[in-house]
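A.B. asks:
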Amino acid sequence: MSTGPARRREHQPAYWYSDLPVPLFARALAWLYGILTGLRRWFYRVGLLRRRHPGVPVLVVGNITAGGAGKTPLTIALANRLQQEGWTPGIASRGYGRTDAGSPVWVEASTAPTVGGDEPVLMARRTGVKLRADRDRAAAAAALAKAGCDIILCDDGLQHYRLKRDIEIEVVDGARRYGNGRLLPAGPLRELPPRGDACDFRVINVANAPASDVNGTGFGEWPMRLASHDAVPVLGGRPRPLAAFAGHRVHAVAGIGNPERFFAMLRALDIAVVPHAFADHHRYRAEDFQFGSPLPVLMTEKDAVKCAGFATDAFFSVPVSAELPEGFWVSLLDRIGQVGKA
Numbered sequence: 179m180s181t182g183p184a185r186r187r188e189h190q191p192a193y194w195y196s197d198l199p200v201p202l203f204a205r206a207l208a209w210l211y212g213i214l215t216g217l218r219r220w221f222y223r224v225g226l227l228r229r230r231h232p233g234v235p236v237l238v239v240g241n242i243t244a245g246g247a248g249k250t251p252l253t254i255a256l257a258n259r260l261q262q263e264g265w266t267p268g269i270a271s272r273g274y275g276r277t278d279a280g281s282p283v284w285v286e287a288s289t290a291p292t293v294g295g296d297e298p299v300l301m302a303r304r305t306g307v308k309l310r311a312d313r314d315r316a317a318a319a320a321a322l323a324k325a326g327c328d329i330i331l332c333d334d335g336l337q338h339y340r341l342k343r344d345i346e347i348e349v350v351d352g353a354r355r356y357g358n359g360r361l362l363p364a365g366p367l368r369e370l371p372p373r374g375d376a377c378d379f380r381v382i383n384v385a386n387a388p389a390s391d392v393n394g395t396g397f398g399e400w401p402m403r404l405a406s407h408d409a410v411p412v413l414g415g416r417p418r419p420l421a422a423f424a425g426h427r428v429h430a431v432a433g434i435g436n437p438e439r440f441f442a443m444l445r446a447l448d449i450a451v452v453p454h455a456f457a458d459h460h461r462y463r464a465e466d467f468q469f470g471s472p473l474p475v476l477m478t479e480k481d482a483v484k485c486a487g488f489a490t491d492a493f494f495s496v497p498v499s500a501e502l503p504e505g506f507w508v509s510l511l512d513r514i515g516q517v518g519k520a
């Protein structure tokens with residue numbers, strides 16, 4: 179059982195993921211948002227706005243909802259698998275949370291999160307591939323191709339139509355799906371569900387569901403589990419099995435799109451969670467961790483990269499790895515091979 183209220187610094191309206199009525203002003207703004215985004219797509223489709231392709235295969239990972247769905251662990255898994263298959267992938271990312279968001283930057287494992295962004299630094303550490311953070315994903319892809327990458331992974335770029343792509347993967351939160359099915363700000367959708375249907379692959383994030391239980395996915399959908407086994411000291415040292423925390427209370431910290439997904443994963447391991455939810459890409463300070471009780475602090479890997487400067491021995495990162503059926507990889511690699519031959 180968890181104790182203590184979850185603390186969240188970013189408010190998602192309750193009606194996004196419930197049957198509560200949507201305010202009239204939000205419905206009116208959603209109507210306007212739909213017109214503007216539809217016009218933008220049409221401008222790109224008819225060529226009034228120019229699209230750019232880097233000359234090597236481009237694979238975009240994204241979602242049509244606001245907030246996190248599991249794009250980062252999937253992008254990491256894609257980069258690692260492509261390297262195993264002999265490709266030289268590069269990752270293009272906007273790099274949310276950067277101090278100088280307007281300037282492109284090469285991100286390495288040692289790059290400060292304030293310079294490279296939390297997710298790019300995490301991906302650089304987990305993959306070792308070349309990574310370019312740039313608001314203009316098309317420019318980032320071109321830079322990566324020039325640097326020797328023979329396939330580009332675009333993290334969170336489904337709506338970045340300036341980058342011409344060959345393959346699209348939609349990632350969907352298996353628990354929340356599309357919420358109330360309305361466009362922003364009346365609902366969580368950046369685009370309507372038919373946009374997701376147009377993608378080449380749909381990956382459903384079933385989080386920590388048992389491998390044998392993929393009832394959350396339907397026809398044409400690929401389940402993605404997020405597996406985690408260890409807690410890694412933020413200050414360095416030997417990892418501890420997560421099972422060692424079973425039956426004990428911990429402070430659980432998550433500044434991701436859906437913090438409850440992280441808390442639920444820990445609870446499923448019989449860990450007594452005191453939840454602390456922060457806004458996605460929250461820039462942490464030591465004061466954020468004055469919880470009033472000296473319990474171990476378990477946090478997502480994305481959060482941990484921003485806390486090394488003030489972490490104590492009680493701070494642990496909980497890495498997750500995306501696991502997908504082998505059939506997904508066979509289908510994806512075959513599709514990439516077709517693109518490469520075109």
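Under my numbering, think of the first position of the sequence shown as 179, with each following residue one higher.
Virtual Cβ for every residue (Gly too), placed ideally from N, Cα, C.
I need the straight-line Cα distance from residue 438 to residue 246, nearest angstrom please.
C.D. replies: Between residue 438 and residue 246, the C-alpha separation is close to 11 Å.
A.B. asks: Span of the alpha helix (DSSP H) holding residue 291?
C.D. replies: Looking at the DSSP string, the run of the alpha helix (DSSP H) that includes residue 291 is 291–294.
A.B. asks: Locate the alpha helix (DSSP H) running through residue 251, then write down its first and last residues.
C.D. replies: Per DSSP, residue 251 belongs to the alpha helix (DSSP H) from 249–262.
A.B. asks: If distances are taken between C-alpha atoms only, which option among 446, 251, 294, 258 comes closest to residue 306?
C.D. replies: Minimum Cα distance to residue 306 is reached at 258.
A.B. asks: Pick out whichever of 342, 290, 354 has its Cα sitting closest to the Cα of residue 274.
C.D. replies: Comparing Cα-Cα distances from residue 274 to each of 342, 290, 354, the minimum goes to 290.
A.B. asks: Using 7 Å as the threshold, is the C-beta distance between residue 207 and residue 366 below it?
C.D. replies: Going by C-beta atoms, residue 207 is not nearer than 7 Å to residue 366.
A.B. asks: What residues are listed by DSSP as bridge partners for residue 235?
C.D. replies: Partner(s): none; residue 235 has no beta bridge.
A.B. asks: Looking at the structure shown, is residue 504 part of a helix, part of a strand, or coil, going by DSSP?
C.D. replies: Note: residue 504 maps to helix in three-state DSSP.
A.B. asks: Do you know how far the Cα of residue 237 is from the Cα of residue 220?
C.D. replies: Cα-Cα distance, rounded: 21 Å.
A.B. asks: Report the rounded CA-to-CA distance for residue 312 versus residue 515, giving the unit in angstroms.
C.D. replies: Cα to Cα, the separation comes out at about 27 Å.
A.B. asks: Would you check if the stretch 344–358 and the stretch 240–255 touch, i.e. whether three or more CB-CB distances between them fall below 8 Å?
C.D. replies: The answer is yes - the stretch 344–358 touches the stretch 240–255, with three or more Cβ pairs under 8 Å.
A.B. asks: Under 7 Å between the Cβ atoms of residue 452 and residue 445?
C.D. replies: Against a cut-off of 7 Å, the Cβ pair of residue 445 and residue 452 comes out as no contact.
A.B. asks: Buried or exposed, going by whether 16 or more other CB atoms sit within 10 Å of the CB of residue 518?
C.D. replies: Flag for residue 518 reads exposed.
A.B. asks: Helix, strand or coil: how does DSSP classify residue 273 here?
C.D. replies: Correct three-state label for residue 273: coil.
A.B. asks: Please identify the residue among 475, 233, 193 whose C-alpha is closest to the C-alpha of residue 324.
C.D. replies: When each option's Cα is compared against that of residue 324, the closest is 233.
A.B. asks: Take every Cβ of the stretch 501–512, pair it with every Cβ of the stretch 398–410, and state whether three or more of those distances are shorter than 8 Å.
C.D. replies: These segments touch.
A.B. asks: What number of angstroms, rounded off, separates the C-alpha of residue 239 from the C-alpha of residue 198?
C.D. replies: Near 31 Å, if we compare the C-alpha coordinates of residue 198 and residue 239.
A.B. asks: Based on Cα-Cα distance, which residue from 489, 459, 425, 333 lies nearest to residue 254?
C.D. replies: When each option's Cα is compared against that of residue 254, the closest is 333.
A.B. asks: Let me know the secondary structure DSSP gives residue 393 once reduced to three states.
C.D. replies: At residue 393 the pLDDT is 48, less than 50, meaning the model places this residue with poor confidence; the figure from the coordinates comes in the next sentence. DSSP places residue 393 in coil when its eight states are reduced to three.
A.B. asks: Once the 5 residues before and after residue 448 are set aside, which same chain residues still bring their CB inside 8 Å of it?
C.D. replies: Closer than 8 Å at the Cβ level, and outside the excluded window around residue 448, lie 424, 425.
A.B. asks: Would the stretch 457–476 count as touching the stretch 429–436 if we require 3 or more Cβ pairs under 8 Å?
C.D. replies: Segments in contact, yes.
A.B. asks: Apply the 10 Å Cβ neighbour rule to residue 277 and answer buried if 16 or more other Cβ atoms are within range, or exposed otherwise.
C.D. replies: It counts as exposed.
A.B. asks: In the DSSP assignment, the beta strand (DSSP E) including residue 369 goes from what residue to what residue?
C.D. replies: First-last for residue 369: undefined, no H or E at that position.
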